[in-house]
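**Q** One structure, as structure tokens, below. Some questions next.
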Amino acid sequence: MIDGISQRLLDQTHPLRIHLLGVAGSGMSGIAALLLEMGHDVSGSDRVTSGEVERLQGLGLKFSSPHSGAAVSGVDAVVYSSAIKPDNVALVEARRIEVPCLRRAECLAAILHTRKGVLVAGTHGKTTTSAMCAHVLNNAGAAVSHYVGAEIPVLGANAHWDGGSEYLVAEGDESDGTLDLYRPAYAVVLNIEEEHLDYYQGLQQIVGVFRTLLEQTSGKAIYCREDSTAYELCSQYEGGLSYGWSDADYTAVDVVEGRGVIAFTVFRRGEEMGRVELGIPGRHNVLNALAAIALADDLQLDFSCVTRALSSFAGAKRRFESVYLSPRFHVIDDYGHHPTEITATLQTARSLEPNRIVALFQPHRYSRTERLAAEFGKALQGADLVFVTGIYAASENPIEGVSGMTVLEAVEQHGSTKCVYHEDLSTVHHIVGNALKAGDLLLTLGAGNVHEAGKRIAADLQLVDLLKGEFAESDIEIKLYESMRRHTTMLVGGPAQFWIEPRTFSAFACAVNFFKERGVPVRVVGRGSNLLVRDGGIRGAVIHPSKGEFGELVVRGNLLTAGAGVRFKKVASFAEDAGLGDFAWMEGIPGNVGGGLRMNAGAMGWETFDQVVSVTFLDQDGEIRTRTREEIEAQYRNVPELHQSYALSAVFRGEASSRDEIREKMVESKSHRRQSQPLAASAGCIFKNPEGIGAGKLIDEMGLKGRGVGMAEVSHEHGNFIVNRGKADAEDVLQLIEEIRLEAKDQRGINLETEIQ
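Residues are numbered in my numbering as their position in the sequence shown, beginning at 1, plus a constant of 134.
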């Protein structure tokens, strides 16, 4: 059938109608591109669209979603990807009406056989090497068509058909045994390892498929001398060309690695050809380049043109792809999912000389993880810190006892590299991003969708670096995804997307304006009392003013000036040392000055604004202003002025008192707090007092003390406190709050309003 299709593909007077199932995949979209450029009428369907599908629609692709039987009516052939199940409605219909159905590899073989094919095969490095071969040949004067399994910026697309080309360079996939379909002019064999064991019984069966490929190659085999299995097989065939570090037809010596590039001298059978500077890093890419050089040299292309092409080669998407680079951070994504690939990739990353390599690895397939766990454990020792997420199944069923933990255990067994396991890919960027330090290189590894986590981190790092560039190092501290459990008195809550600790009022103002200009939500958090953060965290910037100017305390006469980050407890102690009375009540307040001002916090008959003389704040226009107490409206647990503005500092008035009198009131405040408030972690009072009764008394009378949800519980000491008895989630607390409100409504007809935010 392949030969028959090949003949029909060349008949431009009678274009074929071909429908592709799974056209959004990288392999199938490449087939679509070739067929369209050959002049055929191409349609395709998939569950989702993609950027490449949209590009192909501009070339004439007729796309539909989802798959349907109607889509294959009247077509000459159907091509389907390996991801298409036998019960796919379109495939079932095509077979029912006896439309020829081809696997992706069968269609590629049919296209390849219309030209002199250069098939690049191997367990690792196929995409980079096939792209490199196509780029070199095109730039050295031999126009070629190409088919590569990833987006290749330097080639313009992952596949292209040139009607005047003599050669077609294609990446051959060995994963499903279809290498034996091809009859190329050149077979480039990079390596042969035990891989794809969901399909193969073992290495010998894999070798058998490569042997068939070589027997069907009409021209020469180009193979890597450094891979023992490839050498043992390919050296049996006459006329082959070997490449490697030594004892090969083409060798590389005097290898010099720089930051992002690598240079070497090429010898052909002992004779120097010249110096090459490769535009991508890594010693493994030197070997890939030698394969391209051997091919070009055998085609008698000018070596100077070859070297220029190699210097401009920029690599493929997801092959050591630089996602983000700044003076502080480097994020790289790599498709590597086999221990050999990971070892090479980590060595290349190390050549860039980062302070640390932080690797985020997503295992690919349960069968591979189970079979190669020990090798993964050894390979990942090349990183300084490793995060492992859940396995990307790639259509496999789970294997009992095999998970990302399997890799973690192997890493711990084979070295001292710290390894952390986090199952959920959708949230793993939180723990990875929070662990990053200036000078780190973050490497996302895997053939699944782990790159999505890297892109999220990269996007947020870019904003962090932009903000960091506005300040001196001492003016501000910035972190990604800081856990709010560390910064709330209740010890619950997910991460803050951006955690900002300014040390000056001007840095605070600049940070607020920076985020607002970019449409990023801003929230200011002090000590984290009277605050309940949801488990999903806080999107946007959380500013925590606690150090520098925000931590200053000054007494002049009977006036005390405190920065917004100073804890009320510290204000009370400082006032005591200065001989100022009227501050003892603050000793029992868990929050700080900024939060106390915003909600007019109070205790023991006092409220914050009873003592305020003036407040300095950042207003809605981004200006720092100071207003007197008379200019500010203060209500019970509410100061409207500070809902849209941010308190920076305040001046309080006290009365001179004797040390003994102050100490007596402080002891009274501490005693009152210990007797009436729980010692366990809490957010403070949960509800505002309704009219006629205190919220705590109401909850006590309803018999709700001790009621719990998960690890959240109504305090036995005070009914208006919910305490964290362990690792409570915010969802536990929210559910308990709702239960209390329903009880108050049902039993007393009272609508309880929350005091916490």
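Built from N, CA and C at the ideal position, the CB exists for glycine as well.
#1: Exposed or buried, Gln631, counting other C-beta atoms within 10 Å across all chains shown (16 or more means buried)?
#2: Val323: which of Asp594, Arg502, Leu347 sits nearest, CA to CA?
#3: Which residues does DSSP list as the beta-bridge partners of Ile491?
#4: Mind checking whether Ala277 and Gly298 have CB atoms under 8 Å apart?
#5: Can you check DSSP and say which residues form a bridge with Pro636?
#6: Identify, in the order they occur along the chain, each residue of the same chain with its Cβ nearer than 7 Å to the Cβ of Arg619, setting aside the five sequence neighbours on each side.
#7: Please name the residue in Pro488, Arg442, Ser445 whose C-alpha comes closest to that of Pro900.
#8: Note down the Cα distance separating Asp834 from Thr622, rounded to an integer number of angstroms.
#9: Quick check: the Cα distance between Gly860 and Ala846, rounded to an integer number of angstroms?
#10: Give a yes or no on whether the C-beta atoms belonging to Tyr281 and Leu429 are separated by under 8 Å.
#11: Rounded to whole angstroms, what is the Cα-Cα separation between Asn858 and His852?
#12: Whole angstroms are fine: how far does the CA of Leu600 sit from the CA of Ala645?
#13: By the three-class DSSP mapping on this structure, what secondary structure does Leu433 have?
#14: Taking the C-alpha atoms as reference points, what is the distance between His174 and Ile218?
#15: Mind checking whether Leu421 and Glu360 have CB atoms under 8 Å apart?
#16: Measuring CB to CB, does Leu575 end up less than 8 Å from His464?
#17: Please state the DSSP three-state secondary structure of Gln881.
#18: Quick one: residues in its chain with C-beta nearer than 6 Å to the C-beta of Ala641, no 5 flanking neighbours on either side, listed in chain order?
#19: Please confirm whether Ile871 and Ile820 have their CB atoms less than 8 Å apart.
#20: Which residue comes first and which comes last in the beta strand (DSSP E) that contains Lys451?
#21: For Gly394 and Ala448, what's the separation of their Cα atoms in angstroms?
#22: Looking at Tyr377: is its Cβ nearer than 8 Å to the Cβ of Leu424?
#23: If you check the beta carbons only, do Val667 and Trp633 fall under 8 Å apart?
#24: Taking the beta strand (DSSP E) that Val410 falls in, what are its first and last residues?
#25: Distance, Cα to Cα, Gly374 vs Phe437?
#26: Given that a residue counts as buried once 16 or more other Cβ atoms are within 10 Å of its Cβ, and exposed if not, what is Lys613?
#27: Thinking just about the alpha-carbon of each residue, which of Glu873, Leu433, Leu876 is nearest to the one in Leu271?
#28: Identify, in the order they occur along the chain, each residue of the same chain with its Cβ nearer than 7 Å to the Cβ of Trp719, setting aside the five sequence neighbours on each side.
#29: Under 8 Å between the Cβ atoms of Ser302 and Ile466?
#30: So who's on the other strand from Val212, going by DSSP bridges?
#31: Which of helix, strand or coil does DSSP assign to Glu305?
#32: Whose CA, out of Val562, Gly660, Ala274, Thr351, lies closest to the CA of Asp431?
#33: Between which two residues does the beta strand (DSSP E) carrying Phe401 extend?
#34: Is it buried or exposed, Ala768, if we count other Cβ atoms within 10 angstroms and call 16 or more buried?
#35: State the Cα-Cα distance for the pair Gly192 and Leu170, rounded to the nearest angstrom.
#36: What is the DSSP secondary structure of Arg462, counted as helix, strand or coil?
**A** Result, derived from the coordinates:
#1: Your numbering for residue 631 matches position 497 in the sequence shown. Counting Cβ neighbours within 10 Å, Gln631 comes out buried, since at least 16 surround it.
#2: Within the sequence shown, the letter at position 189 stands for residue 323. Answer by Cα proximity: Leu347.
#3: Your numbering for residue 491 matches position 357 in the sequence shown. Its beta-bridge partners are Leu575.
#4: On the sequence shown, residue 277 is found 143 positions in, with the first residue counted as 1. On the sequence shown, residue 298 is found 164 positions in, with the first residue counted as 1. The answer is yes: Cβ separation under 8 Å.
#5: Taking the sequence shown and counting its residues from 1, one reaches residue 636 at position 502. For Pro636, which the question treats as bridged, DSSP gives the partners Ile610.
#6: The residue you call residue 619 lines up with position 485 of the sequence shown. Closer than 7 Å at Cβ, skipping near neighbours: Leu625, Val626, Gly627.
#7: In the structure as shown, the chain begins at 135 and stops at 891. Residue 900 is therefore absent and cannot be evaluated.
#8: Here residue 834 refers to the residue found at position 700 of the sequence shown. Here residue 622 refers to the residue found at position 488 of the sequence shown. Asp834 and Thr622 have their alpha carbons spaced roughly 25 Å apart.
#9: Locating residue 860 in the sequence shown gives position 726, counting from the first residue. Locating residue 846 in the sequence shown gives position 712, counting from the first residue. Cα-Cα distance, rounded: 8 Å.
#10: For the purposes of this step, residue 281 is taken as the residue at position 147 of the sequence shown. For the purposes of this step, residue 429 is taken as the residue at position 295 of the sequence shown. For Tyr281 and Leu429, no; Cβs fall outside 8 Å.
#11: One-based indexing of the sequence shown puts residue 858 at position 724. One-based indexing of the sequence shown puts residue 852 at position 718. Distance between the alpha carbons of Asn858 and His852 is about 14 Å.
#12: The count along the sequence shown starts at 1 and reaches residue 645 at position 511. The count along the sequence shown starts at 1 and reaches residue 600 at position 466. Distance between the alpha carbons of Ala645 and Leu600: 11 Å.
#13: Taking the sequence shown and counting its residues from 1, the one referred to as residue 433 is at position 299. Judged by DSSP in its simplified three-state form, Leu433 adopts coil rather than helix or strand.
#14: Within the sequence shown, the letter at position 40 stands for residue 174. Within the sequence shown, the letter at position 84 stands for residue 218. Cα-Cα distance, rounded: 23 Å.
#15: Here residue 421 refers to the residue found at position 287 of the sequence shown. Here residue 360 refers to the residue found at position 226 of the sequence shown. Contact flag set, yes.
#16: Indexing the sequence shown from 1 puts residue 575 at position 441. Indexing the sequence shown from 1 puts residue 464 at position 330. For Leu575 and His464, yes; Cβs fall inside 8 Å.
#17: Residue 881 sits at position 747 when you count from the first residue of the sequence shown. For Gln881, the secondary structure class from DSSP, reduced to helix, strand or coil, is helix.
#18: Taking the first residue of the sequence shown as 1, we reach residue 641 at position 507. Only residues of its own chain outside the window of five on either side were considered, and among them Phe605, Asp609, Ile610 have a CB closer than 6 Å to the CB of Ala641, listed in chain order.
#19: For the purposes of this step, residue 871 is taken as the residue at position 737 of the sequence shown. For the purposes of this step, residue 820 is taken as the residue at position 686 of the sequence shown. Yes, Cβ-Cβ distance for Ile871 and Ile820 is below 8 Å.
#20: On the sequence shown, position 317 is the one that residue 451 refers to. Here Lys451 belongs to no beta strand (DSSP E), and DSSP marks it neither H nor E.
#21: Looking up residue 394 in the sequence shown gives position 260. Looking up residue 448 in the sequence shown gives position 314. Distance between the alpha carbons of Gly394 and Ala448 is about 10 Å.
#22: The residue labelled residue 377 in the question sits at position 243 within the sequence shown. The residue labelled residue 424 in the question sits at position 290 within the sequence shown. Yes, Cβ-Cβ distance for Tyr377 and Leu424 is below 8 Å.
#23: Taking the sequence shown and counting its residues from 1, one reaches residue 667 at position 533. Taking the sequence shown and counting its residues from 1, one reaches residue 633 at position 499. No, they are not a contact pair.
#24: Here residue 410 is taken as the residue at index 276 of the sequence shown, counted from 1. Taken as a continuous stretch (DSSP letters only), the beta strand (DSSP E) holding Val410 covers 405-412.
#25: Taking the first residue of the sequence shown as position 1, residue 374 is located at position 240. Taking the first residue of the sequence shown as position 1, residue 437 is located at position 303. So the two alpha carbons sit approximately 20 Å from each other.
#26: Within the sequence shown, residue 613 is the residue found at index 479, counting from 1. It is buried - the Cβ of Lys613 has at least 16 other Cβ atoms within 10 Å.
#27: For the purposes of this step, residue 271 is taken as residue 137 along the sequence shown, with counting starting at 1. If we check each option's Cα against that of Leu271, Leu433 comes out closest.
#28: Looking up residue 719 in the sequence shown gives position 585. Answer for Trp719: Ala737, Met738, Trp740, Ser803, listed in chain order.
#29: Against the sequence shown, residue 302 aligns to sequence position 168. Against the sequence shown, residue 466 aligns to sequence position 332. The residue asked about is misnamed: residue 302 is Leu in this sequence, not Ser. No, the Cβ-Cβ distance between Leu302 and Ile466 is not below 8 Å.
#30: Stepping through the sequence shown from its first residue, residue 212 is reached at position 78. His153, Cys235, per the DSSP bridge assignment.
#31: Taking the first residue of the sequence shown as 1, we reach residue 305 at position 171. Note: Glu305 maps to strand in three-state DSSP.
#32: As a working mapping, residue 431 is identified with position 297 in the sequence shown. Among Val562, Gly660, Ala274, Thr351, the Cα nearest to that of Asp431 belongs to Ala274.
#33: Residue 401 sits at position 267 when you count from the first residue of the sequence shown. Looking at the DSSP string, the run of the beta strand (DSSP E) that includes Phe401 is 396-402.
#34: Residue numbering aside, residue 768 sits at position 634 when the sequence shown is read from its first letter. The C-beta of Ala768 has 16 or more other C-beta atoms within 10 Å across all chains shown, which makes the residue buried.
#35: Your numbering for residue 192 matches position 58 in the sequence shown. Your numbering for residue 170 matches position 36 in the sequence shown. The straight-line gap separating the alpha-carbon atoms of Gly192 and Leu170 is approximately 11 Å.
#36: As a working note, residue 462 is residue 328 in the sequence shown. Correct three-state label for Arg462: coil.
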